[in-house]
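Student:
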Amino acid sequence: MSNADRAAAPVIIAGAGPTGLTLATELRRGGIDVLLLDRRADRGVEGSRAAGMQPRTVEMLDQRGIAERFLAFGPPLNLGNFAGIGLDYARLPSRFPHAYNIMQADTEQILESIATELGAAVRWSAEVTGLHQDSDGVQVTVAGPAGVETLCGSYLVGCDGGRSIVRKLTGIGFPGTDPAMACLIGDVELDEPPRRPIFLERREAGLLTVIQFRPGWYRVVTSERERSAAPGDPVTLEELRASTTRVAGTDYGMHSPRWLSHFTDAIRQADRYRSGRVFLAGDAAHIHLPAGGQGMNMGMQDAFNLGWKLAAVLRGEAADDLLDTYHNERHAADADTLKLIRAQSILCRPDPDPRDLLELMARLVGFDDVNRYLAATVSGLDIRYPMTGEHPLLGRRVPDANIDTATGKKRVFDLLNPARPVLLDFSNTTGLTAAAAGWADRTRIVHAECSPTPWTLPAGADIPAPAALLIRPDRYVAWVCDGEPDLDALHHALTTWCGHHSVGDPSSVRAR
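For the sequence shown, position 424 matches number 424 in full-length UniProt numbering, and the numbering has no gaps at all.
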């Protein structure tokens with residue numbers, strides 16, 4: 001490090017949007033100092049933007065004890081949607097079986113408050129212009145009002161949006177599909193709105209979507225067959241009113257715009273989420289047609305996955321290869337979500353070709369199994385990360401079952417608030433405690449009783465309650481057994497997700 005360079009924080013995050021701020025809160029909860037850099041002069045987000053918060057994201061916020069701060073800003077909706085077709089969220093096995101219309105401005109304000117309360121530092125008007133990495137860390141060149149400086153840290157995470165400078169500087173590819181559809185979007189007031197809070201209308205001229213956020217205040221989206229929005233041109237109220245009228249025959253008494261913009265259905269995904277000491281998350285890693293706030297939810301899930309892993313490595317509790325699992329898990333999960341969004345994009349194109357397919361899809365969604373599958377997928381509850389083993393719980397979010405512990409009745413999620421791995425033992429044997437003794441400094445071991453009532457997976461399948469399971473800090477199951485525990489497999493899982501044992505000889509521990 002030269003005299004002109006200075007240490008900033010172990011983790012430098014480029015971008016103080018929902019993804020970057022979520023990652024900062026996760027790192028601070030793990031005891032890691034973090035610096036956020038954002039090229040904007042201030043937070044200043046206008047309009048609803050990414051406004052749909054899905055149940056899985058709310059669950060993760062609830063695990064951190066902060067969900068209520070968000071839910072106060074958005075009314076719950078019992079319906080999700082797939083290409084405008086309603087999905088029944090009411091039966092999702094979650095304490096939060098709703099989607100929430102929370103404006104991105106509110107989400108960012110709350111996250112920034114929490115991050116700074118926890119000790120994260122945010123610098124505005126700070127644009128990343130260069131980076132270098134080696135075995136010792138990263139050096140990040142930053143341009144700001146006071147000039148150019150070089151900041152040093154252990155890791156850099158690019159959460160700096162679809163035009164990510166970090167991604168470009170790292171040379172990570174961003175393959176995908178070019179746009180086939182362009183849309184106008186606006187947050188406006190309507191004097192004569194549609195009767196339904198979520199309204200989709202396909203006409204000969206194109207497609208219209210209207211979503212209510214507050215009484216009198218709506219998001220309006222149009223896409224026309226014969227016209228397309230010019231990506232570089234600002235959108236005016238007159239354009240949105242005229243487009244709405246051409247599609248629907250009325251502008252619904254539109255006035256008082258709060259935010260106007262345009263977007264396309266281009267879909268791209270970074271081919272790598274990690275390059276040495278540099279990571280990508282959020283829109284820097286994936287862009288797509290806005291659909292139910294999926295992009296923001298994907299980004300926040302990226303942050304929940306990466307945050308605890310970075311913290312564990314920086315605390316010296318886990319090896320560096322734990323960080324490789326971030327790409328392996330989130331790239332695959334995001335790719336699956338992008339496929340779902342691509343299907344919705346095709347169904348929502350303004351030309352008449354998809355009309356019959358959309359009608360067929362609407363009929364299929366009327367079948368209970370199809371509706372539950374799509375609801376579980378769109379809500380984010382049915383994510384499954386790749387792990388060795390066939391048990392249906394492996395790699396999935398742990399169900400929030402009722403259990404009895406030494407301190408009283410609880411739910412499984414109540415055990416996970418400290419954001420530590422939990423070894424949950426329903427077998428009442430001493431073998432598991434002995435096998436996990438080498439990880440007792442970083443893993444919570446809980447003995448409990450569970451009723452024989454089956455556990456319900458998000459898509460509706462019931463499975464027998466397990467005998468024991470290892471739950472990661474992000475609530476995903478890393479090891480599970482139904483009968484006699486395989487202690488070698490448990491040792492492998494503990495080593496993979498919690499680092500090497502800290503005391504004793506693992507072979508002698510397993511033999512006890």
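All C-beta atoms in this analysis are idealised placements derived from N, C-alpha and C, irrespective of residue type, glycine included.
Everything numeric in this text was worked out from a predicted model, so none of it was measured.
Pick out whichever of Pro-97, Ala-478 and Asn-297 has its Cα sitting closest to the Cα of Asn-78.
Tutor: One-based indexing of the sequence shown puts residue 78 at position 78. For Asn-78, the nearest C-alpha among the options comes from Pro-97.
Student: Buried or exposed, going by whether 16 or more other CB atoms sit within 10 Å of the CB of His-331?
Tutor: For the purposes of this step, residue 331 is taken as residue 331 along the sequence shown, with counting starting at 1. The residue in question, His-331, is buried, as its Cβ has 16 or more Cβ neighbours within 10 Å.
Student: Are the beta-carbon atoms of Thr-456 and Pro-399 separated by less than 8 Å?
Tutor: The residue given as residue 456 occupies position 456 in the sequence shown. The residue given as residue 399 occupies position 399 in the sequence shown. For Thr-456 and Pro-399, yes; Cβs fall inside 8 Å.
Student: Is the beta carbon of Gly-216 closer than 8 Å to that of Leu-240?
Tutor: As a first step, residue 240 must be located in the sequence shown, where it is residue number 240. As a first step, residue 216 must be located in the sequence shown, where it is residue number 216. Taking 8 Å as the Cβ cut-off, Leu-240 and Gly-216 do not qualify as a contacting pair.
Student: Among Asp-178, Leu-280 and Ala-180, whose alpha-carbon lies nearest the alpha-carbon of Gly-161?
Tutor: In the sequence shown, residue 161 corresponds to position 161, counting from 1. The option with the nearest alpha carbon to Gly-161 is Leu-280.
Student: According to DSSP, simplified to helix, strand and coil, what is Ala-8?
Tutor: For this step, residue 8 is matched to residue 8 along the sequence shown. The answer is coil: DSSP assigns Ala-8 none of H, G, I, E or B.
Student: Is it true that the CB of Ala-14 sits closer than 8 Å to the CB of Gly-158?
Tutor: On the sequence shown, residue 158 is found 158 positions in, with the first residue counted as 1. On the sequence shown, residue 14 is found 14 positions in, with the first residue counted as 1. Result yes, Cβ atoms of Gly-158 and Ala-14 sit closer than 8 Å.
Student: For Thr-496, does the three-state DSSP call read helix, strand or coil?
Tutor: In the sequence shown, the residue the question calls residue 496 occupies position 496. Reduced to three states, the DSSP call for Thr-496 is helix.
Student: Taking just the CA atoms, how far does Val-34 sit from Phe-263?
Tutor: The count along the sequence shown starts at 1 and reaches residue 263 at position 263. The count along the sequence shown starts at 1 and reaches residue 34 at position 34. The straight-line gap from Cα to Cα measures roughly 32 Å.
Student: Check whether the segment 385 to 400 touches the segment 455 to 471, counting contact only when three or more Cβ pairs, one atom from each stretch, lie closer than 8 Å.
Tutor: Because the criterion of three Cβ pairs below 8 Å is met, the segment 385 to 400 and the segment 455 to 471 touch.
Student: Does DSSP classify Tyr-155 as helix, strand or coil?
Tutor: Against the sequence shown, residue 155 aligns to sequence position 155. Correct three-state label for Tyr-155: strand.
Student: If you scan the segment 105 to 157 from start to end, which runs of the beta strand (DSSP E) of 3 or more residues do you find wholly inside it?
Tutor: 121 to 123, 127 to 134, 137 to 144 and 147 to 153
Student: Residue range of the beta strand (DSSP E) that His-501 falls in?
Tutor: Stepping through the sequence shown from its first residue, residue 501 is reached at position 501. That residue, His-501, is in no beta strand (DSSP E); it is neither H nor E in DSSP.
Student: Please name the residue, chosen from Pro-18, Ala-284 and Gly-389, that lies closest to Met-300 on a Cα-to-Cα basis.
Tutor: Locating residue 300 in the sequence shown gives position 300, counting from the first residue. Minimum Cα distance to Met-300 is reached at Pro-18.
Student: Compute the distance between the beta-carbons of Pro-350 and Ser-223, then report whether it is under 8 Å.
Tutor: Within the sequence shown, residue 350 is the residue found at index 350, counting from 1. Within the sequence shown, residue 223 is the residue found at index 223, counting from 1. In contact: Pro-350 and Ser-223 (Cβ atoms closer than 8 Å).
Student: In angstroms, rounded to a whole number, what distance separates the CA positions of Asn-297 and Gln-54?
Tutor: For this step, residue 297 is matched to residue 297 along the sequence shown. For this step, residue 54 is matched to residue 54 along the sequence shown. Whole-angstrom Cα-Cα distance: 7 Å.
Student: Can you list the alpha helix (DSSP H) stretches of 4 or more residues lying completely in the segment 426 to 505, in chain order?
Tutor: 431 to 435 and 487 to 498
Student: Locate the beta strand (DSSP E) running through His-255, then write down its first and last residues.
Tutor: In the sequence shown, the residue the question calls residue 255 occupies position 255. Run containing His-255: 254 to 264, per the beta strand (DSSP E) assignment.
Student: According to the Cβ coordinates, are Ile-66 and Leu-37 closer than 8 Å?
Tutor: As a position in the sequence shown, residue 66 is number 66, starting the count at 1. As a position in the sequence shown, residue 37 is number 37, starting the count at 1. Cβ atoms of Ile-66 and Leu-37: not closer than 8 Å.
Student: Could you give the residue range of the beta strand (DSSP E) that holds Ser-223?
Tutor: Counting from one through the sequence shown, the residue named residue 223 turns up at place 223. Here the beta strand (DSSP E) through Ser-223 covers 217 to 224.
Student: Residue range of the alpha helix (DSSP H) that Leu-358 falls in?
Tutor: Locating residue 358 in the sequence shown gives position 358, where the first residue counts as 1. Its alpha helix (DSSP H) spans residues 355 to 365.
Student: So is Leu-494 buried or exposed if we call it buried at 16+ other beta carbons inside 10 Å?
Tutor: As a first step, residue 494 is located in the sequence shown; it is residue number 494 there, counting from the start. For Leu-494, the number of other beta carbons within 10 angstroms of its own is at least 16, and it is reported as buried.
Student: Taking just the CA atoms, how far does Val-210 sit from Ala-468?
Tutor: Here residue 468 corresponds to residue number 468 of the sequence shown, with the count starting at 1. Here residue 210 corresponds to residue number 210 of the sequence shown, with the count starting at 1. Near 47 Å, if we compare the C-alpha coordinates of Val-210 and Ala-468.
Student: Rounded to whole angstroms, what's the CA-CA distance from Ile-32 to Trp-308? Just pull it up for me.
Tutor: For this step, residue 32 is matched to residue 32 along the sequence shown. For this step, residue 308 is matched to residue 308 along the sequence shown. Whole-angstrom Cα-Cα distance: 10 Å.
Student: DSSP three-state call for Ala-376: helix, strand or coil?
Tutor: Your numbering for residue 376 matches position 376 in the sequence shown. If DSSP states are grouped into helix, strand and coil, Ala-376 belongs with the helices.
Student: Expressed to the nearest angstrom, what Euclidean distance is found between the alpha-carbon atoms of Ala-435 and Leu-487?
Tutor: As a first step, residue 435 must be located in the sequence shown, where it is residue number 435. As a first step, residue 487 must be located in the sequence shown, where it is residue number 487. For Ala-435 and Leu-487, the distance between alpha carbons rounds to 7 Å.
Student: Please state whether the Cβ-Cβ distance between Phe-426 and Ala-448 is less than 8 Å.
Tutor: Here residue 426 refers to the residue found at position 426 when the sequence shown is read from its first residue. Here residue 448 refers to the residue found at position 448 when the sequence shown is read from its first residue. Yes.
Student: What is the DSSP secondary structure of Asn-3, reduced to helix, strand or coil?
Tutor: Translated into positions along the sequence shown, residue 3 becomes position 3. Low local confidence applies: a pLDDT of 40 at Asn-3 is under 50, so the model's placement there is unreliable, and no value is given.
Student: Span of the alpha helix (DSSP H) holding Tyr-385?
Tutor: Sequence index remark: in the sequence shown, residue 385 carries index 385 (1-based). DSSP places Tyr-385 outside any alpha helix (DSSP H), giving it a letter other than H or E.
Student: Using the C-alpha atoms, what's the distance from Phe-304 back to Leu-364?
Tutor: Against the sequence shown, residue 364 aligns to sequence position 364. Against the sequence shown, residue 304 aligns to sequence position 304. Spanning the two alpha carbons is a distance of roughly 33 Å.
Student: Are at least three pairs of beta-carbons, each pair with one atom in the segment 122 to 133 and one in the segment 85 to 96, less than 8 Å apart?
Tutor: no
Student: Does Glu-201 come out as helix, strand or coil in the three-state DSSP assignment?
Tutor: The residue labelled residue 201 in the question sits at position 201 within the sequence shown. In this structure, Glu-201 counts as strand in the three-state DSSP scheme.
Student: Could you give the DSSP three-state label for Phe-413: helix, strand or coil?
Tutor: In the sequence shown, residue 413 corresponds to position 413, counting from 1. Phe-413: helix per DSSP, three-state reduction.
Student: Might you give, ordered along the chain, the residues of its own chain that have their beta carbon closer than 8 Å to the beta carbon of Trp-497, omitting 5 neighbours on each side?
Tutor: Position 497 of the sequence shown, counting from 1, holds the residue named residue 497. Ala-318, Leu-322, Pro-421, Leu-470, Arg-472 and Ala-478, listed in sequence order.
Student: Buried or exposed: Ala-120, going by 16 or more other Cβ atoms within 10 Å of its Cβ?
Tutor: Along the sequence shown, read from residue 1 onward, the residue named residue 120 stands at position 120. Label assigned to Ala-120: buried.
Student: Checking the sheet assignment: what are the DSSP bridge partners for Thr-209?
Tutor: Numbered from 1 along the sequence shown, position 209 holds the residue referred to as residue 209. Thr-209 pairs with Leu-200 and Val-221.
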